[in-house]
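First up is the structure itself, then whatever we jot down about it.
The structure is reproduced here in structure tokens:
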């Protein structure tokens with residue numbers, strides 16, 4: 097992939113399905129904003145980020161929401177995060193730069209997802225939206241039930257909504273068919289949508305029926321200040337370390353690793369593997385290691401805290417990604433930023449992430465993956481980790497992602513307001529029987545919202561003061577990785 101693929105392009109895409117050149121462009125450098133109203137000539141947004149997946153849970157979606165929020169705060173916008181409770185972490189917490197996070201008292205029931213309630217979250221979401229004076233709701237991940245409910249309630253209350261899709265789905269299996277219908281319902285009335293790659297955009301447009309001109313491509317990024325190469329990475333022929341950092345599940349290709357690792361170890365006696373991550377497929381990897389007597393050549397680290405990921409990456413020379421489906425894969429960026437040559441399966445949006453000389457692609461097949469590792473080992477001496485880090489730093493930057501997302505927010509705020517009858521027409525188009533069911537769901541949601549307005553008028557909900565953080569010019573998206581912020585801020589009413 098050339099640098100041209102990542103450069104800004106026009107915001108006006110063709111109307112046919114779906115243009116591969118529709119990328120939300122990076123605007124000119126912005127001027128510092130004020131506390132409210134307009135920031136120079138730009139509108140200040142009050143954004144509610146909603147997702148089931150957030151810290152202390154770790155993953156690509158969690159990192160995306162956190163880093164994007166930090167950069168939007170630096171641009172002068174107000175950002176609040178809404179997620180479910182994690183263990184004893186419930187209530188309101190403050191993170192770096194005064195980022196306010198609501199951990200509502202809903203417990204996860206499956207894969208960190210809150211139990212779907214349809215209308216159970218309406219009262220608390222309405223209270224948060226009014227308290228924080230939110231103007232736009234941004235939901236993340238089609239896997240998140242909390243995201244779907246938030247977008248539904250927000251549209252009922254008249255808020256503009258934006259959705260970011262981080263994953264790819266199929267079309268044939270029962271689970272995908274069900275999920276695609278839910279996504280069609282959620283996105284029927286969305287203001288704008290964002291995908292992290294062109295492949296992801298095509299997939300989302302086909303699954304949801306969204307007009308392509310409503311979907312923009314804004315790639316992920318990486319905090320290059322955190323993921324830096326080691327001062328000196330050994331390149332001797334005595335040992336080559338291949339690093340795997342991934343959740344050990346079927347979708348991430350853990351079964352491929354079971355077949356690939358023994359073959360590579362057989363072909364190259366000086367190759368060693370370091371596997372970081374946990375999941376249901378870890379048992380198969382442990383069995384493989386015992387079966388082939390590779391205890392001294394395959395190191396299993398288990399779950400790795402985010403703060404230790406860099407130290408694991410810089411211990412190796414090659415990063416191996418064996419995913420069966422990926423919309424983008426932030427892990428590849430983190431590895432490249434640390435100076436590792438990447439070997440990856442050619443799936444989803446992975447071919448769009450790095451230039452051809454920084455990654456070796458293979459089909460999701462054990463034989464082809466072994467071939468790709470052979471090629472990577474031969475070209476490894478030509479890799480300069482520092483040069484690779486500088487290239488990634490130039491290609492991917494969270495501040496650039498935030499400015500592109502800001503443009504999508506501006507477009508969403510210009511969408512015309514519609515009454516309930518006009519909105520119901522969109523839901524009816526979702527299917528002969530599903531459309532009628534969706535309309536019934538929205539009518540009930542609207543009636544419950546009206547009832548809440550009578551029981552507790554918005555004027556009776558106390559608004560919270562805004563926190564305006566004094567950000568330094570040198571601060572980055574990854575400053576003070578999630579925790580309690582010790583930095584100074586002021587409040588403005």
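In my numbering, the protein residues as written are 97 to 589. Backbone N, C-alpha and C fix where the C-beta goes; we use that ideal spot for every residue, glycine too. The structure presented is a predicted model; accordingly, all values stated were derived computationally and were not measured.
By the CB criterion at 9 Å, residue 466 and residue 367 fall outside the cutoff. Here the alpha carbons of residue 428 and residue 321 stand approximately 16 Å from one another. Judged by DSSP secondary structure, residue 271 falls within the alpha helix (DSSP H) whose first and last residues are 270-283. By the Cβ criterion, the region 215-230 is not in contact with the region 507-522, since fewer than three pairs of Cβ atoms, one from each stretch, lie closer than 8 Å.
In the three-state reduction of the DSSP assignment, residue 145 falls in the strand class.
Residue state for residue 256 is assigned as strand, using DSSP reduced to three classes. Contact holds between the region 255-265 and the region 298-313, because three or more Cβ pairs, one in each stretch, are under 8 Å apart.
When secondary structure is reduced to three states using DSSP, residue 205 falls in the strand class. Taken through DSSP and simplified to helix, strand or coil, residue 415 comes out as strand. By the Cβ test, the region 343-362 is in contact with the region 379-391, since at least three Cβ pairs between them sit closer than 8 Å. The beta carbons of residue 196 and residue 181 sit no closer together than 9 Å.
Annotation for residue 189: no alpha helix (DSSP H) segment contains it, though the beta strand (DSSP E) segment containing it runs 187-191.
Here residue 142 has 174, 229, 230, 231 as same chain residues with Cβ atoms under 6 Å from its own Cβ, once five neighbours each way along the sequence are excluded.
Within the DSSP bridge table, the entry for residue 182 names 185 as partners.
For residue 385, the enclosing alpha helix (DSSP H) begins and ends at 378-387.
Every candidate beta strand (DSSP E) stretch fails here, since none sits fully inside the region 457-504 while reaching 3 residues. Under the three-state reduction of DSSP output, residue 196 falls in the strand class. Burial check for residue 496: the Cβ neighbour count within 10 Å reaches 16 or more, so the residue is buried. In the displayed model, residue 420 falls within coil according to three-state DSSP, outside both helix and strand.
In the assembly as shown, residue 540 is an exposed residue. Its beta-carbon has fewer than 16 other beta-carbons within 10 Å. Closest in alpha carbon position to residue 440, among 379, 339, 372, is 339. Note on geometry: alpha-carbon atoms of residue 351 and residue 163 lie some 32 Å from one another.
It is roughly 50 Å from the alpha-carbon of residue 562 to the alpha-carbon of residue 459.
Fully enclosed alpha helix (DSSP H) runs of no fewer than 4 residues occupy 516-524 of the region 502-544, in order along the chain.
In the DSSP secondary-structure assignment, residue 288 is bridged to 258.
By the C-beta density criterion, residue 410 is buried, having at least 16 other C-beta atoms within 10 angstroms. The beta carbon of residue 378 sits closer than 6 Å to those of 344, all from its chain and outside the five residues before and after it, given in chain order. When secondary structure is reduced to three states using DSSP, residue 441 falls in the strand class.
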